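Trainee: Supplied in structure tokens, the structure appears directly below.
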Amino acid sequence: MSNFRLKEAVRAATPDDTIERQKSRDQIIVRTSVIGILANVMLAVFKAVIGAVTGSIAITMDAVNNLSDAGASLITIVGTKLASRPADKKHPFGYGRIEYLSAMIISVIVLYAGITSFEESVKKIIHPEVPDYSVISLVIIAVAVVVKIVLGRFVKKTGMKVNSESLVNSGQDAILDSVISFSTLLAALIFILFHFPVEAWLGAFISLVIIKSGVEMLRSTLSQILGEGAGVELSKKIISTINAFPEVVGAFDLVLNNYGPDSYLGSVHIEVADTMTVVELDALIRRITDKVLEETQVGLTAISAYSFNTSDPKAAALRDKIQEEAMANEHVLQVHGFYLDEVEKTIRFDMIISYEAGDRDALYRKIVKKFQEEYPDYQMIIAMDTSFT
């Protein structure tokens with residue numbers, strides 16, 4: 000299989016319902032974002048009017064924040080549309096990662112909103128003003144709290160369902176907005192009952208919460224852009240699918256590269272009998288590729304093969320002995336791809352060493368030296384592997 004974005008692979012190798020699922024995902028994201036835009040614009044208009052009438056800086060800032068939320072939803076729509084563009088010559092893996100960029104922009108918006116809100120709250124603390132709360136303003140703020148909680152939970156839940164970081168961030172932002180509105184309502188009630196202004200102090204505290212949330216969102220999206228390992232469940236499912244083939248002795252060294260939400264390309268090593276012909280191996284690789292794509296929507300662009308000794312009883316005993324000795328080290332996670340070549344007088348296998356080993360290279364050299372001294376009649380060809388999943 001040549002390089003392609005997962006959507007292109009699915010289009011070529013699976014039924015039309017897979018393509019429809021992707022289209023449905025995009026439609027859900029856009030529809031949810033449109034709902035967010037409409038709700039935030041209406042809230043912004045109401046709050047702007049009330050803020051101007053009452054002279055409440057918190058309500059006015061709330062209105063501005065609602066407009067920024069509407070802008071975040073618009074960014075989500077644009078990002079989704081751009082990410083769905085088909086692969087081309089310049090970007091053969093497609094544009095799926097644009098969704099991560101749009102999520103990062105939303106994170107920055109949340110962070111900026113928290114910083115500006117904190118600045119305004121500090122100004123209010125230094126130069127306090129007595130706000131004029133009316134019954135209608137408090138009612139609308141209360142309604143805003145309910146609307147933003149419902150909207151935030153809906154958007155965040157939908158984002159988690161369709162694996163859209165942009166929607167998740169937008170939903171989290173809306174939930175934080177409901178906390179801001181509630182703090183404004185609480186400050187108003189305290190002022191009415193006790194004539195003690197706490198709005199600025201509550202605003203400063205909530206602003207710090209928003210800043211913290213913005214930093215966490217930004218850290219999460221940057222981590223995705225840098226490249227995170229695939230989930231354990233997905234990796235297990237792929238390995239399990241491959242191991243289900245009777246010709247496969249084992250599947251190892253799974254490497255998955257992410258090119259957008261739910262869009263993976265990968266490679267893997269399979270261990271097969273040393274008696275298998277090239278024709279048989281070619282047919283097996285094609286069947287594995289199709290099955291993994293069908294079961295997991297992951298396109299395997301490369302499948303390499305390890306040979307497995309089937310005729311030399313000495314190899315089996317030696318394999319078990321070497322594996323036991325290597326695995327006695329707590330930082331050796333796996334030994335695989337073992338093959339004893341009596342003609343070339345070589346012993347070759349791969350060894351996964353944990354990141355927790357500290358100096359992995361030093362441990363690798365130590366183990367290689369140990370085995371070379373233990374088996375001086377053979378050349379030890381040992382590869383140090385990394386567990387990417």
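Heads up: the sequence shown begins at 0 in numbering that gives the first Met the number 0, then just goes up one per residue.
Cβ coordinates follow ideal geometry from the N, Cα and C atoms, glycine included.
In this text, all values refer to a predicted model and were calculated from it rather than measured experimentally.
Check each candidate in Ala47, Arg285, Ser120 and Asp25 and name the one with the smallest Cα separation from Ile205.
Mentor: When each option's Cα is compared against that of Ile205, the closest is Ser120.
Trainee: Give every residue of the same chain whose Cβ lies closer than 7 angstroms to the Cβ of Ser212, excluding the five residues on either side of it in the sequence, and list them in chain order.
Mentor: Only Val109, Gln171 and Leu175 meet the Cβ criterion.
Trainee: Would you report the Cα separation of Asp252 and Leu201, rounded to the nearest angstrom?
Mentor: Near 52 angstroms, if we compare the C-alpha coordinates of Leu201 and Asp252.
Trainee: Would you list the one or two residues that DSSP bridges to Leu42?
Mentor: Partner(s): none; Leu42 has no beta bridge.
Trainee: Three or more C-beta pairs under 8 angstroms: does that hold for the stretch 92 to 111 against the stretch 217 to 228?
Mentor: Enough Cβ pairs lie closer than 8 angstroms, so yes.
Trainee: Residues in the same chain with beta-carbon distance under 6 angstroms from Leu137, minus the five sequence neighbours each way, listed in chain order, please.
Mentor: Closer than 6 angstroms at the Cβ level, and outside the excluded window around Leu137, lie Ala187.
Trainee: For Arg96, does the three-state DSSP call read helix, strand or coil?
Mentor: Looking at Arg96 - three-state DSSP - the assignment turns out to be coil, as it is neither helix nor strand.
Trainee: Less than 8 angstroms between the CB atoms is what I'm expecting for Val149 and Leu166, so what's the real figure, rounded?
Mentor: Actually they do not touch by this definition, with Cβ atoms about 15 angstroms apart.
Trainee: Between the Cα of Arg359 and the Cα atoms of Ile241, Ile380 and His330, which residue gives the shortest distance?
Mentor: When only C-alpha atoms are compared, the closest one is His330.
Trainee: Give a yes or no on contact between the stretch 23 to 38 and the stretch 68 to 84, applying the rule of three or more CB pairs nearer than 8 angstroms.
Mentor: Yes, since at least three Cβ pairs between the stretch 23 to 38 and the stretch 68 to 84 fall closer than 8 angstroms, the two stretches touch.
Trainee: From which residue to which residue does the beta strand (DSSP E) around Asp349 run?
Mentor: From DSSP, the beta strand (DSSP E) with Asp349 extends over Thr345 to Ile352.
Trainee: Drop a sphere of 10 angstroms on the beta-carbon of Met216, count the other beta-carbons inside from all chains shown, and report buried for 16 or more, exposed for fewer.
Mentor: Classification of Met216: buried, given that the 10 Å Cβ count is 16 or more.
Trainee: Identify every residue that forms a DSSP beta bridge with Tyr263.
Mentor: Tyr263 pairs with Asn257 and Val297.
Trainee: Is the beta carbon of Ile346 closer than 8 angstroms to that of Tyr305?
Mentor: The answer is no: Cβ separation not under 8 angstroms.
Trainee: Three Cβ pairs or more, each shorter than 8 angstroms: is that satisfied between the stretch 281 to 293 and the stretch 313 to 324?
Mentor: Counting Cβ pairs under 8 angstroms, fewer than three are found: no touch.
Trainee: For Glu270, does the three-state DSSP call read helix, strand or coil?
Mentor: Glu270: strand per DSSP, three-state reduction.
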